[in-house]
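If you count by UniProt numbering, then the first sequence holds residues 1 to 141, one letter each, in order.
Built from N, CA and C at the ideal position, the CB exists for glycine as well.
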Amino acid sequence: MSYWLFKSEPSKWSWEDQKKKGAAGEEWDGVRNYQARNNMRAMKLSDKGFFYHSNKGLEVVGIIEVCKPAHPDSTTEDPRWECVDVRALYDMPKPVSLREIKANPKLAKMALVTSVRLSVQPVTEDEWREVCRMGGLDPAP
DNA sequence: GCCAACGTTGGC
DNA sequence: GCCAACGTTGGC
């Protein structure tokens with residue numbers, strides 16, 4: 001099991017939008033960055049991820065699960081771009097803000113802090129547990 | 001709205 | 001293959 005973090009601008013695709021898709025989930029399409037795509041290629045079914053609101057909100061608001069492994073991105077003809085499908089699993093009882101993450105020394109190496117522009121990033125197991133704990137999910141799912 | 005960081009493009 | 005120019009992301 002690996003852990004990830006997905007960024008989305010809530011004005012484009014919000015946690016509410018994601019939850020409306022229910023168990024069927026939805027493509028995480030539109031990624032046009034090789035590193036982010038490679039991360040999605042590395043994902044396995046039922047890997048977990050944080051859903052993070054960028055631009056507005058700036059907080060981890062929920063947890064999603066990979067429900068379909070990498071496949072061609074339906075929003076482009078360009079065969080280079082692939083994406084996974086994800087579905088909403090849980091709300092964060094207490095959303096975890098970027099400020100809190102930056103203020104926590106245990107999370108100083110999170111890609112969210114060090115690779116500001118990477119939209120799909122890996123999360124270590126320790127980081128996963130810590131952010132879940134901060135968000136009121138203890139034990140971590 | 002600004003701008004730093006950084007990825008991509010294209011001329012040489 | 002280098003690197004300047006340019007475009008985009010995303011925090012502030």
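Tell me the residue span of the beta strand (DSSP E) that contains residue 70.
On the first sequence, residue 70 is found 70 positions in, with the first residue counted as 1. Counting along the chain, the beta strand (DSSP E) containing residue 70 begins and ends at 59 to 72.
Reduced DSSP category for residue 113 - H, G, I as helix; E, B as strand; rest coil
Numbered from its first residue, the first sequence carries residue 113 at position 113. Of the three classes helix, strand and coil, the one that applies to residue 113 here is helix, per DSSP.
Which two residues bound the contiguous beta strand (DSSP E) that contains residue 89?
To locate residue 89, count along the first sequence from 1; it is residue 89. Residues 82 to 97.
Contacting residues, own chain, Cβ-Cβ under 8 angstroms from residue 47 (five flanking each side not counted):
If you number the first sequence from 1, residue 47 lands on position 47. For residue 47, where only same-chain residues beyond five positions count, the Cβ hits under 8 angstroms are 1, 2, 3, 4, 65, 66.
Determine the contact status of residue 50 and residue 15, defining contact as a CB-CB distance below 8 angstroms.
Here residue 50 refers to the residue found at position 50 of the first sequence. Here residue 15 refers to the residue found at position 15 of the first sequence. No; because the gap between Cβ atoms is not below 8 angstroms, this pair is not in contact.
Looking at the structure shown, is residue 13 part of a helix, part of a strand, or coil, going by DSSP?
Walking along the first sequence from the start, residue 13 turns up at place 13. Three-state result, residue 13: coil.
Rounded to whole angstroms, what's the CA-CA distance from residue 128 to residue 81? Just pull it up for me.
Taking the first residue of the first sequence as 1, we reach residue 128 at position 128. Taking the first residue of the first sequence as 1, we reach residue 81 at position 81. Going by the C-alpha atoms only, they are around 27 angstroms apart.
Straight-line gap, residue 60 to residue 122 (C-alpha atoms, nearest Å):
Locating residue 60 in the first sequence gives position 60, counting from the first residue. Locating residue 122 in the first sequence gives position 122, counting from the first residue. Each residue's alpha carbon lies about 14 angstroms from the other.
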